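K.L.:
Per our numbering, the very first residue in the sequence shown carries number 22; after that it's consecutive. No residue lacks a Cβ here, since even glycine has one placed at the ideal position from N, Cα and C. Remember, predicted model here, so these are calculated numbers, not experimental data. I have a structure I would like to understand better, so I am pasting it below and will then ask my questions one at a time.
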Amino acid sequence: MAANRGERTRRRLSTEERREQLLSVGARLFSESPYDEVWIEQVAEIAGVSRGLLYHYFPTKRDFFTAVVERESERMLRMTEAVPGVPVREQLTTGLDTYLQYVEAHAHGYRAFHRADAAGDQTVRRVYRRALAAQERQILAALSADPEFGPVFGQRPDVRLAVRGWLAFTTAVCLEWLRDSGLSREQVRDLCARALLGVIA
């Protein structure tokens with residue numbers, strides 16, 4: 022009897038561990054269902070906490086969704102981080118594969134995030150701008166360190182603008198792809214890769 026009670030006893034999570042647990046549950050639910058079909062009560066139930074505790078961490082559903090997106094954006098940056106010494110052309114293919122796999126697996130969340138940004142949701146827009154700036158810095162750093170592109174990088178003031186435009190292009194392509202464009206992931210990857218290499222060539 023005592024053993025059974027011990028098995029049911031849960032380890033008390035730290036504030037950071039609990040927050041991470043809630044965000045992990047949110048990332049899964051927002052990837053599986055449209056934003057309007059994800060309920061805070063559902064998140065709390067899966068995490069094994071009260072709704073009140075969840076609201077203690079995230080005052081509104083929009084705050085929770087935004088925190089999930091921010092966490093996932095940071096995770097994506099780590100997943101696509103440049104590898105020193107590997108040519109940009111090679112890294113671009115690998116990075117896009119990783120990115121598109123994520124977009125496909127988290128289609129509902131990806132669409133919801135960009136719909137909120139397009140609608141002018143200021144909370145989401147701040148996260149979007151930070152994520153975009155971080156992606157831009159990551160790509161520019163890889164280009165400047167690359168033997169092929171690095172030597173002329175400083176002489177091309179239009180490169181930053183080109184990269185920023187390419188990120189917007191890639192987002193638009195992904196949203197269309199999710200609407201069933203008829204293209205395979207590999208075709209979308211090659212399209213986006215050619216687009217970036219074309220604008221910085």
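1. Where are the alpha helix (DSSP H) runs, 4 residues long or more, that stay fully inside the stretch 93–148, in chain order?
2. Using a Cβ-Cβ cutoff of less than 7 Å, which residues in the same chain neighbour VAL104 once the five nearest sequence positions on both sides are dropped?
3. In angstroms with no decimal places, state the Cα-to-Cα distance between PRO178 and ARG33.
4. How many Å lie between GLU58 and SER94 at the Cα?
5. Sort VAL145, PRO108, GLU169, GLN176 by Cα distance to PHE85 and report the nearest one.
6. Assess, as a yes-or-no matter, whether the stretch 41–59 is touched by the stretch 121–136 under the definition of 3 or more beta carbon pairs within less than 8 Å.
7. State buried or exposed for ARG96, treating a residue as buried only when at least 16 other CB atoms are found within 10 Å of its CB.
8. So TYR89 and LEU153 are in contact, right, with Cβ under 8 Å, and what is the actual spacing, rounded?
9. Tell me whether LEU50 sits in a helix, a strand or coil according to DSSP, three-state version.
10. Exposed or buried, THR101, counting other C-beta atoms within 10 Å across all chains shown (16 or more means buried)?
11. Let me know the secondary structure DSSP gives ASP211 once reduced to three states.
12. So is VAL107 buried or exposed if we call it buried at 16+ other beta carbons inside 10 Å?
13. Pick helix, strand or coil for PHE156, following the three-state DSSP scheme.
14. Is it the case that the Cβ atoms of ILE221 and VAL180 are separated by a distance below 7 Å?
15. By Cβ distance, which residues of its chain are closer than 6 Å to PHE134, with the 5 residues on each side in sequence left out?
16. Is there a C-beta anywhere in chain B that falls below 7 Å from the one on VAL107?
17. Considering only residues of the stretch 168–217, which uninterrupted alpha helix (DSSP H) runs meet the minimum length of 4 residues and lie entirely inside it, listed in chain order?
18. From ALA163 to GLU66, what does the alpha carbon distance come to, in whole angstroms?
19. Measuring alpha carbon to alpha carbon, tell me which residue in THR36, GLY130, GLY69 is nearest LEU196.
P.N.:
According to the structure data:
1. 109–126, 128–139
2. GLN112
3. 53 Å
4. 22 Å
5. VAL145
6. yes
7. exposed
8. One detail in the question is off: residue 89 reads as Val in this sequence, not Tyr. Incorrect: roughly 17 Å between the Cβ atoms, too far for contact.
9. helix
10. buried
11. helix
12. exposed
13. Rather than Phe, the amino acid found at residue 156 in this sequence is Gln. Of the three classes helix, strand and coil, the one that applies to GLN156 here is helix, per DSSP.
14. yes
15. VAL90
16. In the structure shown, chain B cannot be found, because there is only a single protein chain.
17. 171–174, 180–199
18. 43 Å
19. GLY130
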